[in-house]
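**Q** Numbering (the working numbering), first residue to last: 5 to 374. Ideal Cβ placement from N, Cα and C applies to all residues, glycine included.
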Amino acid sequence: MAMSRSATTLLMCLLAVVVVSLGGAEARRQQGKGTLGFYELRRGEFSMVVTNWGATILSVRLPDKTGHIDDVVLGYKKIGSYVNDTTYFGAVVGRVANRIAGGRFTIKNHPYHTYKNDGNNTLHGGHRGFNQVFWSVRERVTGEFPYITFSYRSYDGEQGFPGALDVLVTYKIDGDYSYSVTMYARPVDKPTPVNLAQHSYWNLRGHGRGTILDHSVQIFASAVTPVGAHLIPTGAVTPVAGTPYDFRTPAAPGAHIAEVEGGYDINYVLDGAEVDGQGVRKVAVVSEATSGRVMELWGDQPGVQFYTGNFLKGDEGKGGAVYAKYGGMCLETQDYPDAVHNAKFPTEIYRKGQVYKHYMLYKFSLATNK
5 MAMSRSATTL
15 LMCLLAVVVV
25 SLGGAEARRQ
35 QGKGTLGFYE
45 LRRGEFSMVV
55 TNWGATILSV
65 RLPDKTGHID
75 DVVLGYKKIG
85 SYVNDTTYFG
95 AVVGRVANRI
105 AGGRFTIKNH
115 PYHTYKNDGN
125 NTLHGGHRGF
135 NQVFWSVRER
145 VTGEFPYITF
155 SYRSYDGEQG
165 FPGALDVLVT
175 YKIDGDYSYS
185 VTMYARPVDK
195 PTPVNLAQHS
205 YWNLRGHGRG
215 TILDHSVQIF
225 ASAVTPVGAH
235 LIPTGAVTPV
245 AGTPYDFRTP
255 AAPGAHIAEV
265 EGGYDINYVL
275 DGAEVDGQGV
285 RKVAVVSEAT
295 SGRVMELWGD
305 QPGVQFYTGN
315 FLKGDEGKGG
325 AVYAKYGGMC
335 LETQDYPDAV
345 HNAKFPTEIY
355 RKGQVYKHYM
365 LYKFSLATNK
């Protein structure tokens with residue numbers, strides 16, 4: 005699936021036009037950091053394409069049970085649509101993924117105010133979070149197990165967050181049908197909250213091929229962090245047993261979605277998170293009967309946000325696809341949302357010299373008939 009020179013040129017031109025809308029000093033700052041690039045990682049018939057705009061995954065392609073190859077992540081038709089995007093298709097989000105209530109927090113009695121882009125709250129790092137900047141290519145390796153590493157330095161005061169922060173994201177194909185995402189961050193000079201997430205939307209039948217309501221989902225979590233108004237956690241941790249949130253055994257999201265206001269959009273407390281600390285554990289298994297595809301997600305974070313594409317509303321996608329509500333699902337491993345306001349949640353404050361690490365492994369296979 006090599007990208008042709010003409011296609012690449014067209015995409016470059018599109019972004020060159022829309023990036024002007026960034027405006028002012030911030031536009032000049034980001035334009036000076038590099039140019040748009042597209043990078044394919046391939047092993048046999050399994051491939052993915054990423055870009056340094058937002059360290060974004062643009063496609064993941066693999067065969068179904070008949071051998072037909074599909075792209076199973078949602079994305080825009082035009083690269084320009086990723087600028088000012090509010091769906092976060094495939095992007096790395098931060099400096100703090102998910103919501104910060106009131107767009108404010110305190111570290112050592114010093115108040116900080118972050119950009120409010122979700123009503124009165126900050127969502128996914130603000131209106132110019134890590135999904136809305138150019139990343140640099142730190143390293144790119146081809147061959148049997150190809151990988152690419154993107155880097156970004158978030159400056160002191162960016163979107164209101166304190167201190168400079170160095171960030172690395174590596175995408176690597178680890179096997180015939182598996183890839184990993186490894187993220188590191190290190191505060192340069194001041195303590196700051198850090199909680200990165202990879203925000204791909206999945207539809208294992210193929211992007212644009214209906215909803216994910218009949219997919220089978222298993223999440224290895226016995227509790228959630230319930231939310232109140234505006235999807236802000238209440239601070240409680242409650243069991244999923246006997247509720248529509250129980251996916252400890254495989255179930256279709258559509259089975260009980262009518263009992264969940266608007267659809268699923270909640271953080272699950274992964275089993276073993278408190279016992280194992282940052283150890284890698286199985287997070288979720290998703291399968292889809294028509295294609296036969298199965299996806300396992302492994303990770304080392306204490307929580308995972310399960311989101312069923314509730315705010316999709318006919319977005320124009322790749323290949324003429326139109327993404328309606330529930331057209332894709334996200335499984336975003338993370339620290340608990342709004343942890344800066346909940347002392348009982350795992351801390352997400354990192355100090356100068358401390359290293360934040362976040363690892364995910366995606367394993368794909370085909371279901372076997374028993």
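Should Q163 be labelled buried (16 or more other beta-carbon atoms within 10 Å of its own) or exposed?
**A** Result: buried.
**Q** Checking the sheet assignment: what are the DSSP bridge partners for S140?
**A** Looking at the DSSP assignment, S140 forms a beta bridge with S155.
**Q** In the DSSP output, which residue or residues are listed as bridge partners for L40?
**A** Paired residue(s): none; L40 is not in a bridge.
**Q** I need the straight-line Cα distance from V121 to G129, nearest angstrom please.
**A** As written in the sequence, residue 121 is Asn, which differs from the Val given in the question. So the alpha carbons of these two residues sit roughly 9 Å apart.
**Q** In chain order, which continuous runs of the beta strand (DSSP E) of length 3 or greater are located wholly inside the segment 177–249?
**A** Entirely contained in the segment 177–249, the beta strand (DSSP E) runs reaching 3 residues are, in chain order, 182–191, 220–223, 225–229.
**Q** With a CB to CB cut of under 7 Å and the five nearest residues on each side skipped, what residues in its chain are close to Y92?
**A** Answer for Y92: H128, N135, H203, listed in chain order.
**Q** Only counting the same chain, and skipping five residues up and downstream in sequence, which positions put a Cβ closer than 7 Å to that of T294?
**A** So the list reads R209, once near-sequence residues are dropped.
**Q** Is the separation between the beta-carbon of I111 and that of P197 shorter than 9 Å?
**A** Yes, Cβ-Cβ distance for I111 and P197 is below 9 Å.
**Q** Give me whichever residues DSSP pairs with Q163 in a beta bridge.
**A** Answer is none; Q163 lacks a bridge partner.
**Q** If contacts are defined as beta-carbon pairs under 8 Å, then R103 and T126 qualify, I think. What distance do you get, rounded to the angstrom?
**A** Contact holds; Cβ gap of about 7 Å.
**Q** What does DSSP give as the partner residue(s) for D74 in the beta ladder?
**A** D74 is bridged to L66.
**Q** If we ignore side chains and look at the alpha-carbon of each, how far apart do K348 and G239 end up?
**A** Approximately 8 Å between the Cα atoms of the pair.
**Q** Take E300 and list the residues in its own chain whose beta-carbon comes closer than 6 Å to its own, dropping the five residues that flank it on each side.
**A** For E300, where only same-chain residues beyond five positions count, the Cβ hits under 6 Å are V289, K367.
**Q** Helix, strand or coil, according to DSSP, for S369 in the structure here?
**A** In this structure, S369 counts as strand in the three-state DSSP scheme.
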